[in-house]
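Trainee: Please read through the structure below; I'll follow up with questions.
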Amino acid sequence: MWRKHDARCIGTSIASSGFEKDPSVPPIQKHFTLPALKLIDTYAFYSVAPAMGHNKESHPESNLRVPAILSAIEKMKLTSKYRGANIIDFDEFKPASVDDITNVHSKAYVADLEQAINKNSEKGIVHIGETGPTYATASTFNDSLLAAGAGLSLVDSVVASLKWR
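All the letters of the sequence shown, read from the start, carry residue numbers 1 to 165 under UniProt numbering.
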């Protein structure tokens, strides 16, 4: 059974920008697109940013995971098609900015990652770090910005919906 105030990000993430001007809503909805009143009956939020460039099939971060997750969600009837306004699939979203990312990671880390990916993108898959099987492709940096923006939108949406409950 779904509980009120229980929002989950399934699959990859969500992101967007813009918000209706309403003085009663806190000004933190930088990435939020849905009117807060639409979220009152919502139990779950999700969106998809599949990172199709992550095409190493044997890796856990393969782009094949997203269609598998979406298929499972559909089979379990956990979509707005079956549950109406209780579930929202954000289908329009915007990537986070580099400034958003540097609120969590150092500017040097972000710059180094972007440079490494751009420099080695012609090689196809670039292995990152020496501690695990993490890899990057030419699209990884932009895919990461999209996923991070999605997460920011999810948080903004939950906070806005709680304000109206």
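Every residue, glycine too, gets a C-beta built ideally from N, C-alpha and C.
The structure displayed is predicted, hence computed values, not measured ones.
(1) Scan the stretch 55-96 and note each continuous beta strand (DSSP E) run of 3 residues or more that stays entirely inside, going in chain order.
(2) Have a look at the DSSP bridge pairing and note the partners of Ala136.
(3) Of all the options Tyr82, Ala51, Ala96, which has the alpha carbon lying nearest to the alpha carbon of Gly149?
(4) Does DSSP put Tyr109 in a helix, in a strand, or in coil?
(5) Which residues in the same chain as Ala116 place their Cβ atom closer than 8 angstroms to its Cβ, once the five residues preceding and following it in sequence are excluded?
(6) By how many angstroms is the C-alpha of Tyr46 removed from the C-alpha of Val159?
(7) At the level of alpha carbons, what is the spacing between Asn142 and Arg65?
(8) Pull up the CB-CB distance for Ser153 and Phe93, whole angstroms please, since I reckon it's below 8 angstroms.
(9) Return the bridge partner residues of Ala44 from the DSSP annotation.
(10) Exposed or buried, which one is residue 169 when buried takes at least 16 other CB atoms within 10 Å?
(11) Give me the Cα-Cα distance between Val110 and Gly84, rounded to the nearest whole angstrom.
Mentor: The relevant details are as follows:
(1) 87-90
(2) Val126
(3) Ala96
(4) helix
(5) Val126, Ile128, Ala136
(6) 15 angstroms
(7) 19 angstroms
(8) 6 angstroms
(9) Ile87
(10) What is shown of the chain runs 1 to 165, which leaves residue 169 out entirely.
(11) 39 angstroms
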